[in-house]
Amino acid sequence: MSGDASSAQARGKAPVRLLFCGRKGSGRTSLANALAGRELAWSVGEGKAPASASWESGGLAVKALEMPGFGAGGEAQPRRFDASAMALAGADLLILAAPAPEEAWSLEAEWLGAMLEAAPDFPAIVCATRIDLLGSPRDWRPETLDLEHPASPKERAVCAWAGRLAEALAGAVPQWRKERFCLTAAGGADPAGEGLGAVFGIDALRRLVADCLPDPAQKHAMLARAFDRDIVRPRAEKVIWTAAVSAAAASLAPVPAVDAAMVATVQAGMIVAIAGLYGCVLSRKTALAMLAPLAGAAGVRIAAASALKLLPGLGHVASAAVGAAVAGPLTLAAGYAFLDFFARAEFNPSPEELRRVFAEKYREAGARKDELLRKAREGLKRQGQSKA
Ligand SMILES: Nc1nc2c(ncn2[C@@H]2O[C@H](COP(=O)(O)OP(=O)(O)OP(=O)(O)O)[C@@H](O)[C@H]2O)c(=O)[nH]1
Ligand SMILES: [Mg+2]
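Mapping to the numbering used here: the sequence shown position 1 is 1, numbers consecutive.
As structure tokens, then:
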């Protein structure tokens with residue numbers, strides 16, 4: 001009964017999102033599985049999206065996100081960093097896995113440095129993984145391992161290696177707080193030959209995660225500082241303008257009724273894209289439903305303009321101008337209204353709030369009407385020329 005209650009509670013809350021990063025094979029999947037206490041069912045990430053898996057722990061919903069591993073190949077590292085930095089917007093905490101017995105940490109340092117340069121206050125834990133491999137791998141008795149008072153050769157090997165790792169990263173990445181460091185083993189083969197080897201450090205990692213999690217307001221302020229102005233907002237504005245110009249262009253098309261549907265499609269795509277920039281995956285169907293509260297005022301005017309196109313002769317000319325003049329600013333206003341909410345990590349605004357902000361934005365967007373029409377006409381002309 002209490003299990004059901006805690007599950008219900010967990011389902012009702014947004015999950016805590018842990019972003020696991022590290023070089024390929026660094027032990028990220030094993031670490032998340034160990035935190036969950038079982039083999040998780042992972043969904044594959046599409047494109048730049050991370051793979052993910054969810055579980056519940058004591059009534060808390062947790063979601064692990066695993067970024068593609070960096071490492072050998074040297075392929076487009078800066079773009080990878082960029083994609084990872086964007087992924088921070090969809091995460092609450094970053095866990096960088098640094099695997100033993102590696103001794104060269106320039107990749108980890110470069111990567112952690114790039115992330116914390118983008119978001120200096122973002123909580124980042126460095127988790128040294130696979131420590132069972134240090135010293136003699138066969139000599140692995142995690143239950144008696146005492147890293148506070150290293151005495152055995154194994155304990156001394158682990159502490160010496162971990163000390164070098166922490167020094168190297170702290171030296172290279174001043175934004176990283178050195179106490180956010182832990183030592184784990186999570187996926188070694190069982191010396192007895194079956195299943196997973198005995199884990200180490202997972203409870204300590206859990207405590208560290210709990211200590212480092214920022215409260216939502218703090219996280220939001222931090223991300224807003226880190227990303228909104230510099231990275232995400234300009235991209236979102238570009239998405240909005242592209243959509244607004246396409247919507248205006250669709251309304252200039254001579255086919256009645258088709259344009260209103262196209263405008264809705266363009267707007268739904270725009271909302272999906274803006275939400276994605278802020279780390280929220282929305283389906284087009286959800287986006288269309290989110291647009292519904294805005295359909296009243298301005299949408300009616302589009303439909304009326306569409307109907308005018310049925311009139312022969314002058315009808316089309318008049319309605320095209322009206323339709324495009326409305327569709328462009330309408331889309332611009334919808335985009336900026338959703339941007340306001342999404343930038344505050346509010347992905348489910350109430351219809352009343354949405355209408356209020358939208359009305360404000362629509363007044364502002366009216367001033368950009370001519371600019372939108374000009375861009376739409378230029379775009380159509382370019383299309384015509386390239387087809388010709
Ligand atoms: N000995 C030992 N092996 C480990 C440990 N953690 C992971 N491994 C092994 O290291 C390999 C990679 O582990 P994963 O957890 O898949 O690492 P990953 O970073 O998710 O790897 P990719 O997603 O494939 O890049 C696997 O063979 C694991 O069994 C550990 O703590 N000790
Ligand atoms: Mg993996």
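For each residue, glycine too, the CB sits at the ideal point set by N, CA and C.
Which residues in the same chain have their Cβ closer than 6 Å to the Cβ of residue i, if we skip the five residues on either side of it in sequence?
| i | result |
| --- | --- |
| Q175 | L116 and P120 |
| N33 | E39 and L40 |
| G37 | none |
| S43 | S52 |
| W391 | For residue 391 there is no data in the structure shown, the boundaries of the chain being 1 and 388. |
| G135 | P153, K154 and A157 |
| G45 | A51 |
| R28 | F20, G22, E66 and A97 |
| G201 | C182, L183 and T184 |
| P142 | A198 and F200 |
| G69 | R23 and K24 |
| M262 | A250 |
| C280 | F347 |
In chain order, what residues of the same chain have a beta carbon less than 8 Å from the beta carbon of residue i, not counting five sequence neighbours either side?
| i | result |
| --- | --- |
| I125 | L93, L94, I95, L96, R180, F181, C182, L205, L208, V209 and C212 |
| L339 | R233, A236, E237, I240 and I274 |
| V173 | A109, L112, G113 and L116 |
| A76 | Low confidence applies to A76: its pLDDT is 42, below 50, so where it sits in the model is not reliable enough to give any reading. |
| P101 | R130, L133, L134 and W161 |
Please confirm if residue i has its CB atom under 8 Å from at least one CB of chain B.
| i | result |
| --- | --- |
| I274 | As a matter of chain content, chain B is missing from the structure shown, which is built from one protein chain. |
Assign residue i to one of two classes, buried (16 or more other C-beta atoms within 10 Å of its C-beta) or exposed (fewer than that).
| i | result |
| --- | --- |
| S306 | Below a pLDDT of 50, predicted positions are generally treated as unreliable, and S306, at 49, falls in that range; no measurement from the model is reported. |
| A157 | buried |
| G404 | Residue 404 lies beyond the stretch modelled for the chain, which goes from 1 to 388, so this question has no answer here. |
| V62 | buried |
| L311 | Interpretation of L311 is limited by its pLDDT of 40, a score under 50 that renders its predicted location unreliable; no figure is taken from the coordinates. |
| N348 | exposed |
| V239 | buried |
| Q383 | exposed |
| E66 | buried |
| D146 | exposed |
| T184 | buried |
| P123 | buried |
| Q267 | buried |
| D215 | exposed |
| A64 | buried |
| A337 | buried |
| A343 | buried |
| E194 | In this predicted model, E194 has a pLDDT of only 49, less than 50, meaning its place in the structure is not dependable; the value taken from the coordinates is given anyway. Classification for E194: exposed. |
| A264 | buried |
| A87 | buried |
| A151 | exposed |
| A295 | exposed |
Sorted by chain position, which residues of the same chain lie with C-beta nearer than 7 Å to residue i's C-beta, five sequence neighbours on each side aside?
| i | result |
| --- | --- |
| P293 | P351, L354 and R355 |
| L165 | A98, W105 and A128 |
| K375 | V245 |
| A333 | F358, K361, Y362 and A365 |
| L282 | I271, V272 and A275 |
| G379 | V245 and A249 |
| M290 | I271 |
| K178 | A166 and A170 |
| E155 | L145, D146 and L147 |
| L373 | A248, A324, A325 and G328 |
| R17 | K63, L65, G90, A91 and D92 |
| S30 | A186 and G187 |
| A287 | A268, I271 and V272 |
| L35 | I202, L205 and R206 |
| A14 | none |
| G71 | R23, K24 and L107 |
Which residues does DSSP pair with residue i in a beta bridge?
| i | result |
| --- | --- |
| L60 | S57 |
| S136 | Bridge partners of S136: none, in fact. |
| R17 | K63 |
| A389 | This structure leaves residue 389 out entirely; the chain is present only between 1 and 388. |
| A51 | E66 |
| S43 | S52 |
Subject >> Contact between the segment 321 to 340 and the segment 367 to 381 (3+ Cβ pairs under 8 Å) >> reply: yes
Subject >> Stretch pair the segment 16 to 26 + the segment 96 to 113: three plus CB contacts closer than 8 Å >> reply: yes
**OP:** May I have a chain-ordered list of the beta strand (DSSP E) segments no shorter than 3 residues that lie completely inside the segment 240 to 287?
**Re:** none
**OP:** Only counting runs of 3 or more residues, tell me where the beta strand (DSSP E) segments fall wholly within the segment 146 to 210, in order along the chain.
**Re:** 181 to 183
Subject >> Residue ranges of each alpha helix (DSSP H) within the segment 318 to 367, 4 or longer >> reply: 351 to 366
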